[in-house]
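Asker: There's a structure below that I have some questions on.
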Amino acid sequence: MGSGGSVGKEAGPLKTLLRQHTQSALEQREFPIFTLTCFPPGFLVHVGGVVSTRSVKLLDRIHNPDEPETRDAWWEEIRQEIKSHAKALGCHAVVGYSESTSICEEVCILSASGTAAMLNPRFMREGCLDIGGSDHRLSRQPHPGMVGSERGEGEVSSTWLGFEDASPPSCGFVHIPYDEFNMPFPAQLTYCYHCRRQKVPDVLFTTIDLPAEAEVTGKGCLIQARLCRTKKKAQGEVNATSISNLLPFMEYELHTQLMNKLKLRSMNALFGLRIQISVGENMLLGLASATGVYLSALPAPGGIQIAGKTPSDLSYDQHISTIQKRIDDTIAKNKELYNIHPPECIEEVVGSPIPDRQRSSRLFRSTSESSDELSELDLSHGKKDAFVLEIDDTDAVEDIQSLLTDAPIPAGFYSCNTEVMPGIHNWTSGLQMFTSVRVYRLSNANLTNQGLNKIFTDLCENLLKSLYFKLRSMIPCCLCHLNFTVAVPEEELIQVAVTAVAMSFDKETQQAADRALTRGSGENEEQLQFSMELCGESTISNNQPTAKPSGVPESAMVHSSRAPSVDYGSFADRCSTWLELLRLKAHTIRRGSVKTSRRTQLLAHSVSSSERCSPLPEGRSRSLRSTRSLPCGAPVTVVKMTPLSFLPGTRIVKYLGIINMFFIRETTSLREEGGVSGFLHSFIAEVFAMVRAHVAALGGNALVSYSMKECVFMENPNKNQAQCLINVSGDAVIFIRESDQEAIPPLLTSRQTSGTGADGTT
Amino acid sequence: MSVELDVFVGNTTIMDEEVYQFWLDGYTVNDAVKVRMEGGVLEECEASAEVLRSDTMDQYRTFQMCERLLHSPAKLANQLLFQIPPHRQAMLIERYYTFDGVFVREVLGKKLSKGTKKDLDDVSAKTGVTLKSCRRQFDNFKRVFKVVEELKGPLVENIRQHFLLSDKLARDYAAIVFFANNRFETGKKKLHYLTFQDFAFCAGQLISNWTVGALDNMVEDMDVDLEKEFLQDLKELKILITDKDLLDQHKSLVCTALRGKTKAFNEMEANFKNLSRGLVNIAAKLTNTKDVRDFFIDLVEKFIEPCRSDKWTAGDMRLYLTHYTNSAHILDTFKHQVVWDRYMGVIKSCILKMCTLCRGQ
Numbered sequence: 001m002g003s004g005g006s007v008g009k010e011a012g013p014l015k016t017l018l019r020q021h022t023q024s025a026l027e028q029r030e031f032p033i034f035t036l037t038c039f040p041p042g043f044l045v046h047v048g049g050v051v052s053t054r055s056v057k058l059l060d061r062i063h064n065p066d067e068p069e070t071r072d073a074w075w076e077e078i079r080q081e082i083k084s085h086a087k088a089l090g091c092h093a094v095v096g097y098s099e100s101t102s103i104c105e106e107v108c109i110l111s112a113s114g115t116a117a118m119l120n121p122r123f124m125r126e127g128c129l130d131i132g133g134s135d136h137r138l139s140r141q142p143h144p145g146m147v148g149s150e151r152g153e154g155e156v157s158s159t160w161l162g163f164e165d166a167s168p169p170s171c172g173f174v175h176i177p178y179d180e181f182n183m184p185f186p187a188q189l190t191y192c193y194h195c196r197r198q199k200v201p202d203v204l205f206t207t208i209d210l211p212a213e214a215e216v217t218g219k220g221c222l223i224q225a226r227l228c229r230t231k232k233k234a235q236g237e238v239n240a241t242s243i244s245n246l247l248p249f250m251e252y253e254l255h256t257q258l259m260n261k262l263k264l265r266s267m268n269a270l271f272g273l274r275i276q277i278s279v280g281e282n283m284l285l286g287l288a289s290a291t292g293v294y295l296s297a298l299p300a301p302g303g304i305q306i307a308g309k310t311p312s313d314l315s316y317d318q319h320i321s322t323i324q325k326r327i328d329d330t331i332a333k334n335k336e337l338y339n340i341h342p343p344e345c346i347e348e349v350v351g352s353p354i355p356d357r358q359r360s361s362r363l364f365r366s367t368s369e370s371s372d373e374l375s376e377l378d379l380s381h382g383k384k385d386a387f388v389l390e391i392d393d394t395d396a397v398e399d400i401q402s403l404l405t406d407a408p409i410p411a412g413f414y415s416c417n418t419e420v421m422p423g424i425h426n427w428t429s430g431l432q433m434f435t436s437v438r439v440y441r442l443s444n445a446n447l448t449n450q451g452l453n454k455i456f457t458d459l460c461e462n463l464l465k466s467l468y469f470k471l472r473s474m475i476p477c478c479l480c481h482l483n484f485t486v487a488v489p490e491e492e493l494i495q496v497a498v499t500a501v502a503m504s505f506d507k508e509t510q511q512a513a514d515r516a517l518t519r520g521s522g523e524n525e526e527q528l529q530f531s532m533e534l535c536g537e538s539t540i541s542n543n544q545p546t547a548k549p550s551g552v553p554e555s556a557m558v559h560s561s562r563a564p565s566v567d568y569g570s571f572a573d574r575c576s577t578w579l580e581l582l583r584l585k586a587h588t589i590r591r592g593s594v595k596t597s598r599r600t601q602l603l604a605h606s607v608s609s610s611e612r613c614s615p616l617p618e619g620r621s622r623s624l625r626s627t628r629s630l631p632c633g634a635p636v637t638v639v640k641m642t643p644l645s646f647l648p649g650t651r652i653v654k655y656l657g658i659i660n661m662f663f664i665r666e667t668t669s670l671r672e673e674g675g676v677s678g679f680l681h682s683f684i685a686e687v688f689a690m691v692r693a694h695v696a697a698l699g700g701n702a703l704v705s706y707s708m709k710e711c712v713f714m715e716n717p718n719k720n721q722a723q724c725l726i727n728v729s730g731d732a733v734i735f736i737r738e739s740d741q742e743a744i745p746p747l748l749t750s751r752q753t754s755g756t757g758a759d760g761t762t
Numbered sequence: 001m002s003v004e005l006d007v008f009v010g011n012t013t014i015m016d017e018e019v020y021q022f023w024l025d026g027y028t029v030n031d032a033v034k035v036r037m038e039g040g041v042l043e044e045c046e047a048s049a050e051v052l053r054s055d056t057m058d059q060y061r062t063f064q065m066c067e068r069l070l071h072s073p074a075k076l077a078n079q080l081l082f083q084i085p086p087h088r089q090a091m092l093i094e095r096y097y098t099f100d101g102v103f104v105r106e107v108l109g110k111k112l113s114k115g116t117k118k119d120l121d122d123v124s125a126k127t128g129v130t131l132k133s134c135r136r137q138f139d140n141f142k143r144v145f146k147v148v149e150e151l152k153g154p155l156v157e158n159i160r161q162h163f164l165l166s167d168k169l170a171r172d173y174a175a176i177v178f179f180a181n182n183r184f185e186t187g188k189k190k191l192h193y194l195t196f197q198d199f200a201f202c203a204g205q206l207i208s209n210w211t212v213g214a215l216d217n218m219v220e221d222m223d224v225d226l227e228k229e230f231l232q233d234l235k236e237l238k239i240l241i242t243d244k245d246l247l248d249q250h251k252s253l254v255c256t257a258l259r260g261k262t263k264a265f266n267e268m269e270a271n272f273k274n275l276s277r278g279l280v281n282i283a284a285k286l287t288n289t290k291d292v293r294d295f296f297i298d299l300v301e302k303f304i305e306p307c308r309s310d311k312w313t314a315g316d317m318r319l320y321l322t323h324y325t326n327s328a329h330i331l332d333t334f335k336h337q338v339v340w341d342r343y344m345g346v347i348k349s350c351i352l353k354m355c356t357l358c359r360g361q
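Going down the list, the sequences are from chains A and B. Residue 5 in UniProt numbering is what sits at position 5 of the first sequence, and the numbering runs on without skipping anything. Residue 2 in UniProt numbering is what sits at position 2 of the second sequence, and the numbering runs on without skipping anything.
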């Protein structure tokens, strides 16, 4: 894809300018790739779409398997390819990037995917990306005052401003980054439904979370595409080749399924797309999960139209029309369910902006070297109002059947695989993180692809149904961050593991919920985290005098809070002191109603300095000890766990570090422990318990960003044995309830701090 | 295709009270699923039988893992394996220790030994309570018995603290322990009409009045055994029936007080000596463990049955017993007033409890 970079050459002057500025910062990096999925407002200028690459490798071909060189070279290749895909989409960076592998015997599939994006150059200045100091923090705020402060910096910044003006933040990121007359793939473009100035695609797939500034109509939902393909058992090269040959078709099918299901729900964008392909001895499994939403800035999706190939038979026609009716009904029902009622605006059909020239570019593109690249985008479904499904063979009939047999989600439930569900904001504190694992044995060895598909789909559907049933007491609730992991641990076995969090929300006030407010609080959560880091820095730099009286050298103290051998008792003490002080200070600030940046910064300083005053006055520390709720011989601390980065209704006041643990459990008395289910059930319960204990030992009361990265289960029932390896990780934190909020500086104060503080510092 | 493995683990342990009850009642997973399906959870949540089965299996597994903790409930609050909110913990414990009235009636007063446990299948067949549930309940009795046996202090309070039970349930367990310890006979046909709650009431009376703990709070075993000294003292009451003068005096005092107040006066007068002998003899024999066991039988045979055949009402009995007790105080030569009150107070409330029920027969 060496010519990818040339795509941008004919782009508009604005984009060229932008590219030039950002290029320097990003291009210096070998891989302008971000694994983050969530960004500060304004960071994403445009999003191009999903880029992905897969590569099949033979592990026994590595000459020196103990050394990482070969593997590094493989990944480097893949990252280069991803980078060039992004370039082809007119983007200079990849966000929401992830890599994964699936290994079966000596064959290994390396997969990488991400979202091509154009990033805001303001964030890209020298060193910003690497250090992310206070400057970075400030630029997270799209505050007018701040922009003003930067205006003085010369021509360059005014260009950025000019660009900023050109695409309002709420829809800017959906505008196409590529040149509309030289598109890398065919797509139907329209003018943005929000600003009416820039072009947008009809559908957008991404791997990132829904940006906070995005405007969404209605609610979103989890969309999954599932696929199973049999393959012959083979060895080495032959095996690798047959897998390689299957992959593009699988990607294509998964994409088609996603597209169909998206249309069926009357939505036009996917976020958090994750396509997992697992290889087994005699089959390949593909599972794509994403959260579908209706982006207000994108055009409304057309319906799905069924077309028969041979409309000669009358009964056949009738059959088709019944299916068509069912589909139309489902779409209508889904519109109700997800509350998708976009404002009927005057249809400004731009017409197909794909001139003949485009065809040639397509041809050109097809000569590119890799065959399984960009299959998500390599589809021409444009130029048609409705999405036409042709029933030309039994496969297609199956597809449509499966499309329609996806069980509707029970009333009161929503689900998504992103951080939070678009359209739901008023979360209550009801929270239930869970992991569910299922292993199915395929008893019949001679299954067809369709048969396997059916089984796999049922497996996933039943699992979801079970989850809904189990969590019915939390209604109304949303399953967030639903993360499916599939594996083929053995021939004829399919393993599916799901980790997610169920969060209940308040239905009554849902309608009235103020979106902006909730968003604001989300930002401020990050804000607080940052200002705390700021504390540490500023204490060292300019708060020396205040800190001195504590009698402890600054650096040593800073160290001790991070060192692994911290005395957690005193650490906990310090935390609670810190909280206490924060509360006190906040009270004074409120009473005085002086919400200036200076005051708050002062607060930050004094808080941080007193946090370091570990030798507390005797009486004070005792009184604190009596009121705090940290583990101290008292009953077991409740530790909340969530795969999300936040806990609704709470404020994270301290990050205590990462928890990353591997557990291996083996049993030689499987039957006595209640069989495989009993074994795994108690193991997972114990893993949770150990994680909670670690968090509690650090003085924390929650684990955020929890993920179960690995769950490898093997059994040998004949020998009465089983083994399991689990890898979990997350961030230990201290949170406080927002209801205790009067104690904490109000949201706006801290926002203003950074905003107005910028005036003084820059 | 078959499900090889199916687990669901929540950070907060999910427990369905309905399923918990099925588990406690000893239903198999299949039976529980059947009952749940009939219960209409399915329509409510649009779930399939398969979903229900998976959920039930999961919960059963969880309960099984929790069971060992429930054996010493204090551990439930301090364990790390399951994160269960406190009110849920209380529910789990309370339900686990709740027993069936019909079942406990069968083993009440029996020795909580292996032999009794072996006969539980008969009890199960007789009461309709599943064997599994019978075993759990029996083991609960035994466990509580063993723990409090060694402890000082008030019985009910000990049970409540060690097993974190509600006051009501702790009292019931105190009764069970008390009955098991003293091996009161409750299985005779004549006592069949009495429910566990009747006996529990009587046990409460005996515990708070006749045991060592009734006087002194910090003696070992205090609430489980009847006070030896008191039982010895009861022998002195015999004077009420052996001394002819005293007996006559007592009778005339009671009769004077009762005259004209009840229709059954004639029967009372005629039966006075008989009844008095019965009650005092029960008191005098209580030093003998064998006779302690027959305490309730004796009450029925010696007092309640004669009264019943004379068609006394409950009011009659109350009246008679009140005057019978009080009149003894006026007897100048009777010197055992304290012991008499302590004895008659319990006897009166026990008889009244036992006869209010016999009325219905």
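Glycine is no exception: its CB is placed at the ideal position from the N, C-alpha and C atoms. Predicted, not measured: the structure shown is a model, and the values here were computed from it.
Determine, using beta carbons only, whether B:Gln79 and B:Leu69 come nearer to each other than 8 Å.
Answerer: Taking 8 Å as the Cβ cut-off, B:Gln79 and B:Leu69 qualify as a contacting pair.
Asker: Distance, Cα to Cα, A:Val638 vs B:Thr195?
Answerer: Going from the Cα of A:Val638 to the Cα of B:Thr195 covers about 43 Å.
Asker: Does the CB of A:Gly48 have a neighbour CB from chain B at under 8 Å?
Answerer: For A:Gly48, the answer is no, since every Cβ of chain B falls outside 8 Å of its Cβ.
Asker: Within the segment 231–292 of chain B, note down every full alpha helix (DSSP H) run reaching 4 residues or more, in order along the chain.
Answerer: Qualifying alpha helix (DSSP H) stretches, in chain order: 239–242, 244–258 and 265–285.
Asker: When you compare the CB of B:Met65 with every CB in chain A, is at least one pair closer than 8 Å?
Answerer: At least one chain A Cβ lies under 8 Å of B:Met65.
Asker: With three or more C-beta pairs closer than 8 Å as the rule, is the segment 97–112 of chain B touching the segment 167–184 of chain B?
Answerer: Contact between the segment 167–184 of chain B and the segment 97–112 of chain B is present, because at least three Cβ pairs lie under 8 Å.
Asker: DSSP beta-bridge partners for A:Asp731?
Answerer: Per DSSP, A:Ile658 and A:Val704.
Asker: Suppose only complete runs of 3+ residues qualify. What are the beta strand (DSSP E) ranges in the UniProt domain "C2" (410–503) of chain A, listed by chain order?
Answerer: Segments of the beta strand (DSSP E) lying fully in the UniProt domain "C2" (410–503) of chain A: 413–415, 427–441 and 477–487.
Asker: Can a CB atom of chain A be found closer than 8 Å to the CB of B:Gln100?
Answerer: A quick correction: the sequence has Asp, not Gln, at residue 100 of chain B. Chain A, which has no Cβ nearer than 8 Å to the Cβ of B:Asp100, makes this no.
Asker: If I measure Cβ to Cβ from B:Cys350 and keep anything under 7 Å in the same chain, skipping five residues before and after, which residues do I get?
Answerer: Correct list, in chain order: Cys202, Gln205 and Leu299.
Asker: Does the CB of A:Val704 have a neighbour CB from chain B at under 8 Å?
Answerer: Not closer than 8 Å to any Cβ of chain B, the Cβ of A:Val704 fails to qualify, so no.
Asker: State the DSSP-derived secondary structure class of A:Ile109, mapped to helix, strand or coil.
Answerer: A:Ile109: strand per DSSP, three-state reduction.
Asker: On the DSSP bridge list, what partners appear for A:Phe663?
Answerer: Bridge partners of A:Phe663: A:Ile726.
Asker: For A:Leu670, does the three-state DSSP call read helix, strand or coil?
Answerer: Note: A:Leu670 maps to coil in three-state DSSP.
Asker: DSSP state of B:Asp310, grouped into three classes?
Answerer: Looking at B:Asp310 - three-state DSSP - the assignment turns out to be coil, as it is neither helix nor strand.
Asker: Note down, in chain order, all residues in the segment 65–97 of chain B with a beta-carbon under 9 Å from any beta-carbon belonging to chain A.
Answerer: Result list: Met65, Ala77, Asn78, Gln79, Leu80, Leu81, Phe82, Gln83, Pro85 and Pro86.
Asker: For A:His681, would you say it is in contact with chain B, using Cβ-to-Cβ distances shorter than 8 Å as the test?
Answerer: Judged by the 8 Å Cβ criterion, A:His681 is in contact with chain B.
Asker: Can you pull the chain B neighbours of A:Met433, defined as C-beta to C-beta under 9 Å?
Answerer: Neighbours of A:Met433 on chain B, chain order: Gly10, Asn11 and Thr12.
Asker: Do three or more CB pairs link the segment 19–30 of chain B to the segment 477–492 of chain A at distances below 8 Å?
Answerer: The answer is no - the segment 477–492 of chain A does not touch the segment 19–30 of chain B, with fewer than three Cβ pairs under 8 Å.
Asker: Please report how far the alpha carbon of B:Glu17 lies from the alpha carbon of B:Ala74, in whole angstroms.
Answerer: Their backbone Cα atoms lie some 20 Å apart in a straight line.
Asker: For B:Phe184, name the three-state secondary structure that DSSP assigns.
Answerer: Coil.
Asker: By DSSP, does A:Tyr193 sit in helix, in strand, or in coil?
Answerer: DSSP places A:Tyr193 in coil when its eight states are reduced to three.
Asker: Based on DSSP bridge pairs, tell me the residues matched to A:Phe205.
Answerer: According to DSSP, which records beta bridges pairwise, A:Phe205 is partnered with A:Leu270.
Asker: Could you tell me whether any Cβ in chain B is nearer than 8 Å to the Cβ of A:Asn462?
Answerer: Chain B, which has a Cβ nearer than 8 Å to the Cβ of A:Asn462, makes this yes.
Asker: Taking A:Arg61 as part of the alpha helix (DSSP H), name the residues at either end of that continuous run.
Answerer: Taken as a continuous stretch (DSSP letters only), A:Arg61 belongs to no alpha helix (DSSP H), as it is neither H nor E.
Asker: Which residues in chain B have a C-beta closer than 8 Å to the C-beta of A:Leu493? List them in chain order.
Answerer: Here the neighbours are Glu4.
Asker: Mind checking which residues open and close the beta strand (DSSP E) that includes A:Gly96?
Answerer: Unbroken beta strand (DSSP E) run through A:Gly96: Ala93 to Cys104.
Asker: Check for me: the alpha helix (DSSP H) holding B:Asp31 runs from which residue to which?
Answerer: Per DSSP, B:Asp31 belongs to the alpha helix (DSSP H) from Val29 to Gly39.
Asker: Once the 5 residues before and after B:Asn209 are set aside, which same chain residues still bring their CB inside 8 Å of it?
Answerer: The answer, listed in chain order, is Arg342, Gly345 and Val346.
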